[in-house]
Amino acid sequence: MARVSKRNQNLMQFIKRAHGLVENTDLEKQRQSQNYIGTLLGNTKEIEYQEIDIEGMPGEWVSVNRAHMKKHIILYCHGGGYSTGSSLYARSLTSKLAASTSMDVLSFDYRLAPENPYPAALEDAMRAWNYLMLLGYGARDVIIAGDSAGGNLALALVLKLKEEERILPRGLVLMSPWTDLTASGKTYRTKAAVEPILDKEYIARISEAYAGDMDMKDPLISPLFGDLRGFPPTYIQVGENEILLSDSLRLHQALVAANVSVKMERFTGMWHVFQMSPFKRAYEAMDKMAEFIFDICR
Numbered sequence: 002m003a004r005v006s007k008r009n010q011n012l013m014q015f016i017k018r019a020h021g022l023v024e025n026t027d028l029e030k031q032r033q034s035q036n037y038i039g040t041l042l043g044n045t046k047e048i049e050y051q052e053i054d055i056e057g058m059p060g061e062w063v064s065v066n067r068a069h070m071k072k073h074i075i076l077y078c079h080g081g082g083y084s085t086g087s088s089l090y091a092r093s094l095t096s097k098l099a100a101s102t103s104m105d106v107l108s109f110d111y112r113l114a115p116e117n118p119y120p121a122a123l124e125d126a127m128r129a130w131n132y133l134m135l136l137g138y139g140a141r142d143v144i145i146a147g148d149s150a151g152g153n154l155a156l157a158l159v160l161k162l163k164e165e166e167r168i169l170p171r172g173l174v175l176m177s178p179w180t181d182l183t184a185s186g187k188t189y190r191t192k193a194a195v196e197p198i199l200d201k202e203y204i205a206r207i208s209e210a211y212a213g214d215m216d217m218k219d220p221l222i223s224p225l226f227g228d229l230r231g232f233p234p235t236y237i238q239v240g241e242n243e244i245l246l247s248d249s250l251r252l253h254q255a256l257v258a259a260n261v262s263v264k265m266e267r268f269t270g271m272w273h274v275f276q277m278s279p280f281k282r283a284y285e286a287m288d289k290m291a292e293f294i295f296d297i298c299r
């Protein structure tokens, strides 16, 4: 295991304690706590939120309260291990994305496991995609973004669009994507001592809740094992101190092997989806995402 500075150890302990305040064995209470935290961290005067209904599925537009770009938009897939999370919870990310890019962001509340296991979330992601197409956006006007399980969902959505021989989005932006539900990456072992958010037992529980006795190597469940040829330009951010580091490293390797334009940045001392946190490093990471998005939208 790589040496970790005393300062970084203290930061990891703080993040672990803060995360523990949200964790709850009662799934519904955990979801409510996450919504509260997301609303708190996403509360800013420069952002407007507009609730919408997408064929019975709740969603919201997140927009900067100033003149901004209308041609390109971001479709956001929230994280939460497919069992928690919502548009409210994701506001700490969608608000930063909207502010850094000056683009509208559409977030949606896909159905959660274990009440609604695979393929419910993917069906709902496709519903959100189709909603955008009906609004008059073209596939090339849309960047799909997601964190953690939302990164998994973003990848699975592109695989599904490809399977249906539809036009793919302009790009993909992924934060700490969960790409392999078989949990076969070596950083599950090598980063276990420093990871403050996730552990292998939690990953096993949420994998079971989401996919049950399905084949965990199904590409629409574990996109790492999919045919990634023809994928749009992809940008990956991942923290060095997370057990899902291997999920990003191996995805990057697979995309390179498939001749996809891909860029990955590893953030020293950072943890799983550190971009949610209200500090300078998170905003700097968002600015890097904006640079990537501006580059592919030229």
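In the working numbering, the protein residues as written are 2 to 299. Every residue gets a Cβ at the ideal spot worked out from N, C-alpha and C, and that includes glycine.
**Q.** As assigned by DSSP and simplified to three states, the class of E285
**A.** Three-state result, E285: helix.
Q. What is the DSSP secondary structure of V274, counted as helix, strand or coil?
A. coil
Q. If you run the structure through DSSP and keep just helix, strand and coil, what is M332?
A. Residue coverage of the chain in this structure runs from 2 to 299, which leaves residue 332 outside it and unanswerable.
Q: On a CA-only basis, which of G152, V195, D142 and L182 is nearest R171? Give me that one, please.
A: D142
**Q.** When R190, A212 and C298 are compared against M248, the one with the closest alpha-carbon
**A.** Contrary to the premise, residue 248 reads as Asp rather than Met in this sequence. When the alpha-carbon of D248 is set against those of R190, A212 and C298, the nearest one is in R190.
Q | Extent of the continuous beta strand (DSSP E) run through R190 | A | Taken as a continuous stretch (DSSP letters only), R190 belongs to no beta strand (DSSP E), being part of the alpha helix (DSSP H) at T188 to T191.
Q. Is DSSP giving S185 helix, strand or coil here?
A. Three-state result, S185: coil.
Q: Using three-state DSSP, classify L76 as helix, strand or coil.
A: strand
Q | Rounded Cβ spacing between K192 and L225 (contact assumed at less than 8 Å) | A | Wrong, their Cβ atoms sit about 17 Å apart, outside the cutoff.
(Q) Quick check: what's the CA-CA separation for R4 versus R267? (A) Note on R4: pLDDT 49, under 50, position unreliable in the model; no value is reported.
(Q) Taking 7 Å as the threshold (C-beta atoms), are A291 and T102 in contact? (A) yes
Q) Count the other CB atoms within 10 Å of the CB of Y203; is the residue buried (16 or more) or exposed (fewer)? A) exposed
Q) If you run the structure through DSSP and keep just helix, strand and coil, what is R299? A) Looking at R299 - three-state DSSP - the assignment turns out to be coil, as it is neither helix nor strand.
Q. For F293, which three-state DSSP category applies?
A. helix
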